[in-house]
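See structure below.
In the numbering used here, the protein residues as written are -1 to 215.
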């Protein structure tokens, strides 16, 4: 995804963070809906819808347009539905306390990185190319993992790389948005930060699961 937006002061960084926080809440509600009302046989439909919306957001951005709040909250709600079986799988393997701990660790890491990027006023734009290439690499690894079984050591390295890449995205995105964005760009900025947070959380869970698997072996 082209993750850059036009910078202006018409949409404050606080507004971006508020929209991101609402997106997390909507995602949590989506997870609850997935737990209570969505049968497992229908989850794949939501995964497809999530991917279609993600591709649509890329096309919209390429055309120089913006996503709206309705699109953002619909996407995060669907994302919550698709996260439920993943979180349940990790919960079954690691325990609910470990999953909760991973979430709070994600929040702590995210908050620390965001605070540093905002207060330091450093320019992290040089990371963009590396992070984009790394993200493509992670996507390819995910595709390969459908056909090739990776051992515990490979999964540990893979998850560590994922944590580093999405930590980098937090620095990059916060640095891009800290001085404000155009009002119409707030939903896209919040979506990018939401994706940073969720992917960081998932790779932390993967890392813990990989360590546990390596110890068992």
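We put the CB at the ideal spot given by N, CA and C, even for glycine. Just so you know, these numbers come straight off a predicted model, no measurement behind them.
Residue 118 and residue 16 have their C-alpha atoms roughly 21 angstroms apart. Taking every protein chain shown into account, the CB of residue 194 has 16 or more other CB atoms within 10 angstroms, so this residue is buried. In this structure, the alpha-carbon of residue 87 lies about 34 angstroms from that of residue 13. If you check the CB distance, residue 150 and residue 211 come in under 9 angstroms. Residue 132 is positioned such that its CB atom lies no closer than 9 angstroms to that of residue 81. In this structure residue 204 is buried. Its beta-carbon is surrounded by 16 or more other beta-carbon atoms within 10 angstroms. Between residue 124 and residue 168, the CB-CB gap reaches or exceeds 9 angstroms. Around the C-beta of residue 121, fewer than 16 other C-beta atoms lie within 10 Å, and the residue is accordingly described as exposed.
A check of alpha carbon separations from residue 187 across 172, 201, 96 identifies 172 as the nearest. Excluding residues up to 5 positions away in sequence, 88, 91, 92 lie with their Cβ nearer than 7 angstroms to the Cβ of residue 207 in the same chain. Beyond the five residues adjoining it in sequence on each side, residue 51 comes within less than 8 angstroms, by CB distance, of 69, 72, 73, 76 in the same chain, given in chain order. The residue from 148, 41, 105, 180 with its alpha-carbon nearest to that of residue 66 is 180.
Along the length of the stretch 98 to 142, whole alpha helix (DSSP H) runs at least 4 residues long occupy 126 to 142, reported in chain order.
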